[in-house]
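Visitor: My questions will all concern the structure given below.
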Amino acid sequence: MEFEPQDQLVQRQKNLQRIAELGFEPYPHKFDWKQTPAQIVAQFGEHSAETLKQSEVKVSVAGRILTIRLHGKAGFAHIQGEGQRLQIYVKLDAVGPRIFELFQLLDMGDIIGVSGHLFRTKTNELTVWVEKLTLLTKALLPLPEKWHGLADVEMRYRRRYLDLISNERVREIFLRRAQVVRHMRAFFDARNYLEVETPMMHPILGGATARPFVTRHNTFDADFYMRIAPELYLKRLVVGGLDRVYEINRNFRNEGIDAIHLPEFTMLEFYQAYSDYRDVMKLTEELFSGIAKAVCGGTKVKYGDHEIDFGRFEALSMREAIVKYWPTAAGKAPTIEELATPEGPRAVAERYNAYARSKGLEEGFDAIADLNESSAGDLTGALFEEIAEEHLTQPTFIYDFPADISPLSKRRADDPTLAERFELFIEGMELANGFSELNDPADQERRFRAQVEAGGLEMPKEIDWDYIRALAHGMPPTAGEGVGVDRLIMLLTDSHAIREVILFPTLRPQKDSETDAAPAPREEHP
RNA sequence: AGGGGCGUAGCUCAGUGGUAGAGCAGCGGCCUUUUAAGCCGUUGGUCGUGGGUUCGAUCCCCACCGCCCCUACCA
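The first sequence begins at 1211 in the numbering used here and counts up one residue at a time.
Structure follows, in C-alpha cells:
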C-alpha cells in the first residue's frame, strides 16, 4: 500500500502489528452492540448525574474514534455512530493493563466497540465508563483535520467518505435527500400510481432535447443511447393500461456542467390517464408543499438569504412573464396581444436585441440569436429565458408554451400554436416540466419528422415508429410531468450547487500520476 | 469556449525577489474527569508542472495541467 501520508500509514501498521502481538484479533468479525451512540444520547442525554449513578445504565456501543485525549493512566475519546458523538472514558484501573495498552495504541479514525456504564463527567458530559474495549477495525490512514474538517472542494467529492465523516452538514443533506425520495414514493403510492422501471439504454433518442451518451452493446453489435428521459416508455405503459405510473431514476445528458447541471441527474417522472396539465399543476403543488412540510417542518424554507414559500404557487403564461419582466430601460414594453401575433415575437426580439447591444455584453445582457432562422415559438421561448427566467424566485408555473418547442405536448384546443404545457420555476431554476400528452399519432409523426429534419446532435436521427404505433393503438387523454429531484433537494437543504446533493458527482477522471496512490501492479479480475 | 481567482507539509492556512512558517495530525516524553486538553521536545516540503527574466524565483513573466466562480452552451 502506498498512500499519503505514507509515514503515518507505516506507523499505524506498526500499531496494528503491536496490537496483534498483544493477542487482540486485528479485524474481528462481529461486535455484540446493544445501542448506537445516537440511541444512547437520545435516551440518556437528559438524565442527570444522580439518575445515572442510581440506575447504573449498562451500554455496549460501537463507533469510529474522532478525538483522543490521553492523560497518562486514563484517557478520553469521542466515538461517532449514526452521526452522533459520544464520549468514552478509559481508565487503567477500570480496564486493566492489557486493554489499557490497546487503548494507547489506538489512533483517530479507528473503529472500536466498548461496553460499560453511563456517567457524567465533572463538566457534565454524558460519557461511557469503559469496562471492556475491543478494536473492531484499524484505520491505516488518518482523518482530515479535526477542527476544520475537509475543505478542499474537489477532495470532498472525490473522497466523499471523508467528507461524510468530518462534515456533519453533508450527512444531513443526504439523510434529508432520502426523506424527500421516500416521501415522493409515499405520495404517489398513496394515490394509486405504480412505480415502474424503464430502460436506461435506448436504441432511439427521445423524450427530450439533449445530447446523449452513446454506448455499445457487443452481442447486438449496436449502439445504444443512455436515456435522456424515460418519457416515451412511460407513456407506452399508459397505452398498456397502467393508467398511473411513476419512475424515480437517473437521466444522462452529455452537456455542460455547472451549479445546476450534471451529466447524470435524478428525475421523477409520472403520468396519469384521464387528466390534463391543470390536474398535474395542482398535484405538483400538493407534492411540493407536502414534501416541504414533511422534511422542513413547514412550507416556508430558508434558501440563502431569503425564504421560499412552497405553500403559494404563482402562475403566469409565458407571454405574461415576458411582459412582466421586460426591462423598463428597454423601451416600449410588448403586450400580450403583440406577442400573440405571428410576427410579434420577432419584432419584440429585435427591440430587445437593440437594447441588449446598447447595454453591452459586459453588463450581462445577451442578444437573442438566429432571429431569421427561428420560429415565433422559438423566439417566444428565447425571450422568456432571457428576460423572465432569472426573476422567478418563488414557485411559479409558466404555462402556454409555444407548440413548436413542445414536440410531445398536446396543442390547446382554442389556439393550436400553443401547447398545454407548463414549467415550474423556483430560484430561477427549472424544477419541473409537465403537459397534456400529445396522443394524436398523426400529429406526433409530423412533429417527429420535423425533429429529424431539423437535425443536430441533440435531435433523434430516426423516428421512433414503435412509439407512434403505440399511440395508434390509443392512449387515453393523459398528462404527465418530470421533476428534477436533485434541484428540489437543493432547495430543501439550502444547497447552492447540484454537486452538494449528489453523493458522487461526475468529476473529471484522474490520471494515475495525479493521485497520491502508486497504482502498483494491476490485478486482473477474472 | 471566453473572463476572473486559486494551487505552499497528510489536513486547515500564513508568507517573502536572497532556496519556507503556524495550528492540527505524526513521533518521543510528562500527566487518572479531559473535550480544538495542556506542557516539553521533534520528524516532515523539488512552494502544481515546464520554460523564461534575474547573480539568485515559491514570489515576476509565458505556456501547460487541475480546481473554483462568472459568462456562454445546455428546455
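Ideal Cβ placement from N, Cα and C applies to all residues, glycine included.
What residue does the alpha helix (DSSP H) around V1533 start on, and which one ends it?
Guide: V1533 -> alpha helix (DSSP H) spans M1528 to Y1535.
Visitor: So the candidates are Y1456, N1461, L1589 and F1475; which of them puts its Cα closest to the Cα of A1689?
Guide: Y1456
Visitor: Count the other CB atoms within 10 Å of the CB of A1613; is the residue buried (16 or more) or exposed (fewer)?
Guide: buried
Visitor: Tell me whether I1597 is buried or exposed, calling it buried when 16 or more other Cβ atoms sit within 10 Å of its Cβ.
Guide: buried
Visitor: From this set, E1441, D1431, E1599 and V1340, which residue's C-alpha is nearest T1408's C-alpha?
Guide: That would be E1441, whose Cα lies nearest to the Cα of T1408.
Visitor: What is the residue span of the alpha helix (DSSP H) that T1261 lies within?
Guide: A1259 to S1265
Visitor: If you draw a straight line from the alpha carbon of I1501 to that of T1494, how long is it in whole angstroms?
Guide: 11 Å
Visitor: If you compare alpha carbons, which of V1300, R1330 and H1327 is closest to L1316?
Guide: V1300
Visitor: Considering Cα atoms alone, identify which of R1308, S1499, F1475 and D1320 is closest to G1521.
Guide: S1499
Visitor: Less than 8 Å between the C-beta atoms of F1658 and S1616, yes or no?
Guide: no
Visitor: If distances are taken between C-alpha atoms only, which option among L1667, L1681, M1700 and W1675 comes closest to T1419?
Guide: Out of L1667, L1681, M1700 and W1675, L1667 has the C-alpha closest to the C-alpha of T1419.
Visitor: Does DSSP classify P1612 as helix, strand or coil?
Guide: strand
Visitor: If you drop the 5 nearest sequence neighbours on each side, which residues of the same chain put their C-beta closer than 6 Å to that of A1349?
Guide: G1319 and D1320
Visitor: Note down the Cα distance separating H1683 from L1415, rounded to an integer number of angstroms.
Guide: 22 Å
Visitor: Can you look up L1276 in the DSSP assignment and give me helix, strand or coil?
Guide: strand
Visitor: With a threshold of 16 other CB atoms inside 10 Å of the CB of D1373, please say whether the residue is buried or exposed.
Guide: buried
Visitor: What three-state label does DSSP hand V1693 in the structure shown?
Guide: strand
Visitor: Starting from L1447, trace the beta strand (DSSP E) in both directions and tell me its first and last residue.
Guide: No beta strand (DSSP E) holds L1447; the alpha helix (DSSP H) holding it covers E1441 to V1449.
Visitor: Which term fits Q1253, buried or exposed, when burial requires 16 or more other beta carbons within 10 angstroms of its beta carbon?
Guide: exposed
Visitor: V1338 lies in the beta strand (DSSP E); which residues open and close that run?
Guide: L1336 to T1347
Visitor: Measure the Cβ-Cβ separation of R1454 and L1526 and say whether it is below 8 Å.
Guide: No.
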